[in-house]
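Remarks on the structure that follows.
Numbering (my numbering), first residue to last: 3 to 690.
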């Protein structure tokens, strides 16, 4: 029987204790983010690794009688359980791993030939084909590439490698491991609005896109045999679900059990999104927790505790690969495997340590994972449950104990906590991340999740049993599907009905990621630390000196904004010796003529000349990631060099008004101010 918590018992911070993997994962995350920001070569970070490792070894081996050894041991923290030098070593190691992981754009990489005309490639399909309504997406690992100069042929380029997303017409029976010959034009993935498809694919090391490709299969079974067997098993499972269940129930079960949500209609997917229940159709920690419990329970009875735990871990690993090994799935699988492994030795796992180990392993395997939205949401939800689930449940039990008998308290505490309180915690921790990425949050999730979560265990268990039985004994699978169908239908009906309501999502304006850091910092500071600790910290921070610095910063920011306001005069500024000119109108509109050859110098000049916060400009051919042009006039041949091709492609694929520069064009900058093109040619242009 669960006892009511003692309100007088001192609370223990979840950050207390030995949490090595938590701090190691944070050090690795810091190294990856810094490496992405600085973009230094890998050898710089390798030197840092060597220095940190050497310092730790010297601190451990040098005699203590040497005075330098004492200072070195103090600096490295060699006497601590987790030496400080180990954290520094992990920081530099993760930074080196990130730098080494990024593709190098050379003539031996496919991205070098983006936007250069038609090519012919030979490669192997390395992911399960993504079947869509109007296209099929094939991830191709290129083995060779040939430039198609004309229809007669071209030059074959040996040792060209890289990943290419090939899009072709639907209907083909493409499969993992197919060796294909593909013809088409390599393109740089586009950027539109607030979503960068280019960055999304780049995080998967895919830097090239080929649409409307001509595809020919020349060989099969060229991939990993183990992965091919698992993907074939997943396809058989999906086909079995289509036989046993009607749509859309079969499509929903394919998403829940196998990670295949392509069959869901756009309307149903939108309903799940509007109600904040998309985690239902994705393999998440909830699914993996149920699966880990089933695997460990069954294998323990069949093989004993230790061998059963190892068998369960193998089953979890195989299932992770089976469903696609997305970031959230891998994180949940690692934590589930750690729980099973700890149970083998009769030990409880520490939630923060397990989360840290899972995140650390994933970041070292794929340093691009911190930018994966699924990883961010999964980590935030898990962190919230680890930090707040038990305290919130204890408070709820204490509240019920004041009004209800102990038996009723025990009857209500578990279901309410699991289906309502824990949902609120996960939503509260993931809400800022969703608002940042999707610029909208669903408040319906608070009400919809408690309605459908109780049925999801039965959906997974009964649906999974029906699928497995249907693959072996179709009659038994059909009988089990009759039992599972009502729970799947109930989930769809509730989500569809509530998702059709005219309200349900709040739109949020775009904001800087530093606001996320501020939000989580304040949340953890106010909720995880005792009042005395918070008061002492505030007393140290809120000093007169800090107040003067903040006031000085606000005054400086105000004066900078005031001094950068338009003064009613026309300004023409020559930014460099190459003829780059910035035109600023009397009312503050800006036109950039030219770009120069140094993007860093252009960014610095624009930052000094434009008003604080202004990121819109009327014509721009450089620094496009920081300043957003409203209109671009292009003069000259875009194929003159690689830089021109890259800028031209970036402008054409973005949401920018774009046109070629011609003699006689007139650009209306503002009322009463015109810019006229007197002459435009290959050698330049003349304006008035």
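From the three backbone atoms N, C-alpha and C, an ideal C-beta is built for every residue, glycine too. Only a predicted model underlies this, so the values are computations on that prediction, with no experimental measurement involved.
Cα-Cα separation between residue 512 and residue 27, rounded to whole angstroms: Numbered from its first residue, the chain shown carries residue 512 at position 510. Numbered from its first residue, the chain shown carries residue 27 at position 25. Between residue 512 and residue 27, the C-alpha separation is close to 28 Å.
Using 10 angstroms around the beta-carbon of residue 541, count the other beta-carbons present and answer buried if the total reaches 16, otherwise exposed. Start at 1 with the first residue of the chain shown, and residue 541 comes out as number 539. With fewer than 16 other Cβ atoms within 10 Å, it is exposed.
When burial is assigned at 16 or more other CB atoms within 10 Å of the CB, is residue 268 buried or exposed? Position 266 of the chain shown holds residue 268. Residue environment analysis places residue 268 among the exposed positions, since fewer than 16 neighbouring C-beta atoms fall within 10 angstroms of its C-beta.
Give every residue of the same chain whose Cβ lies closer than 7 Å to the Cβ of residue 392, excluding the five residues on either side of it in the sequence, and list them in chain order. Counting from one through the chain shown, the residue named residue 392 turns up at place 390. No residues qualify anywhere along the chain.
Going by beta-carbon coordinates alone, are residue 368 and residue 24 separated by less than 8 Å? Translated into the one-based positions of the chain shown, residue 368 becomes position 366. Translated into the one-based positions of the chain shown, residue 24 becomes position 22. The Cβ atoms of residue 368 and residue 24 do not sit closer than 8 Å to each other.
At least 3 beta-carbon pairs within less than 8 Å: the region 381 to 388 vs the region 425 to 441: They touch, by the three-pair rule.
Residues bridged to residue 210 [DSSP beta-bridge criterion]: Reading the chain shown from its first residue, position 208 is the one you call residue 210. 166.
On the DSSP bridge assignment, give the partners of residue 205 in chain order. For the purposes of this step, residue 205 is taken as residue 203 along the chain shown, with counting starting at 1. According to DSSP, residue 205 bridges with nothing at all.
Quick one: which unbroken alpha helix (DSSP H) runs of 4-plus residues sit fully inside the region 228 to 301? Chain order, please. With a minimum length of 4 residues, the continuous alpha helix (DSSP H) runs that stay inside the region 228 to 301 are 251 to 260, 268 to 276.
Pairwise C-alpha distance: residue 321 and residue 465: Here residue 465 refers to the residue found at position 463 when the chain shown is read from its first residue. Here residue 321 refers to the residue found at position 319 when the chain shown is read from its first residue. Here the alpha carbon of residue 465 sits roughly 15 Å from the alpha carbon of residue 321.
Okay, do the region 67 to 77 and the region 117 to 127 touch, 3+ Cβ pairs below 8 Å being the bar? No, they do not touch.
Check residue 315 in the structure and name its three-state DSSP category. Here residue 315 corresponds to residue number 313 of the chain shown, with the count starting at 1. Note: residue 315 maps to helix in three-state DSSP.
Just to check my reading of the structure: residue 454 and residue 497 have Cβ atoms closer than 8 Å, yes? What is that Cβ distance to the nearest angstrom? Here residue 454 refers to the residue found at position 452 of the chain shown. Here residue 497 refers to the residue found at position 495 of the chain shown. Taking a contact as a CB-CB distance under 8 Å, the pair residue 454 and residue 497 counts as one, their CB atoms being some 7 Å apart.
Whole-angstrom Cβ separation of residue 336 and residue 363, contact assumed at under 8 Å? Counted from its first residue, the chain shown places residue 336 at position 334. Counted from its first residue, the chain shown places residue 363 at position 361. Contact flag correct, Cβ pair sits at about 6 Å.
What do you get for residue 47, buried or exposed, if any count of 16 or more other CB atoms within 10 angstroms of its CB means buried? As a first step, residue 47 must be located in the chain shown, where it is residue number 45. Counting Cβ neighbours within 10 Å, residue 47 comes out buried, since at least 16 surround it.
When DSSP builds the beta bridges, which residues end up paired with residue 121? Residue 121 sits at position 119 when you count from the first residue of the chain shown. BP columns for residue 121 point to 149, 186.
Measuring only the C-alpha atoms, how far is residue 109 from residue 146? As a working note, residue 109 is residue 107 in the chain shown. As a working note, residue 146 is residue 144 in the chain shown. Take the alpha-carbon of residue 109 and the one of residue 146: they are about 12 Å apart.
Hey, residue 376 and residue 21 are a contact pair by Cβ (cut 8 Å); roughly how many whole angstroms apart? Numbered from 1 along the chain shown, position 374 holds the residue referred to as residue 376. Numbered from 1 along the chain shown, position 19 holds the residue referred to as residue 21. Contact between residue 376 and residue 21 does not hold, since the beta-carbon distance rounds to 24 Å and is not under 8 Å.
Nonlocal neighbours in the same chain, by C-beta distance under 7 Å from residue 133, ignoring five residues either side: On the chain shown, position 131 is the one that residue 133 refers to. Counting only Cβ-Cβ distances below 7 Å, and skipping sequence neighbours, we find 172, 264.
Who are the Cβ neighbours of residue 211 in its own chain at under 6 Å, not counting the five residues just before and after it? For the purposes of this step, residue 211 is taken as the residue at position 209 of the chain shown. Cβ neighbours of residue 211 beyond the five flanking positions: 167, 189, 191.
Spatially closest choice to residue 32 from 74, 43, 90, 53, by CA coordinates: Here residue 32 is taken as the residue at index 30 of the chain shown, counted from 1. Residue 32 has its Cα closest to that of 90, out of 74, 43, 90, 53.
Are at least three pairs of beta-carbons, each pair with one atom in the region 245 to 255 and one in the region 481 to 494, less than 8 Å apart? Because the criterion of three Cβ pairs below 8 Å is met, the region 245 to 255 and the region 481 to 494 touch.
Residue 21, DSSP secondary structure in three states: The count along the chain shown starts at 1 and reaches residue 21 at position 19. Coil.
Please report the residue range of the beta strand (DSSP E) in which residue 216 lies. Here residue 216 refers to the residue found at position 214 of the chain shown. Where residue 216 is concerned, the enclosing beta strand (DSSP E) stretches over 216 to 221.
Taking DSSP as the reference, what is the three-state secondary structure of residue 130? For the purposes of this step, residue 130 is identified with residue 128 of the chain shown, where counting begins at 1. Residue state, collapsed to three classes: coil.
Cβ pair residue 176, residue 127 closer than 8 Å: Here residue 176 refers to the residue found at position 174 of the chain shown. Here residue 127 refers to the residue found at position 125 of the chain shown. Contact: yes.
Report the three-state DSSP secondary structure of residue 104 (helix, strand or coil). Walking along the chain shown from the start, residue 104 turns up at place 102. Secondary structure at residue 104: coil, using DSSP grouped into helix, strand and coil.
Pick helix, strand or coil for residue 556, following the three-state DSSP scheme. Taking the first residue of the chain shown as 1, we reach residue 556 at position 554. DSSP places residue 556 in the helix class (H, G or I) of the three-state scheme.
Suppose you measure from the CA of residue 88 to the CA of residue 61; what does that come to, to the nearest Å? Position 86 of the chain shown holds residue 88. Position 59 of the chain shown holds residue 61. Whole-angstrom Cα-Cα distance: 12 Å.
What whole-angstrom Cβ distance do residue 501 and residue 280 have, given they're in contact under 8 Å? Looking up residue 501 in the chain shown gives position 499. Looking up residue 280 in the chain shown gives position 278. That belief does not hold up - the Cβ atoms of residue 501 and residue 280 are roughly 11 Å apart, past 8 Å.
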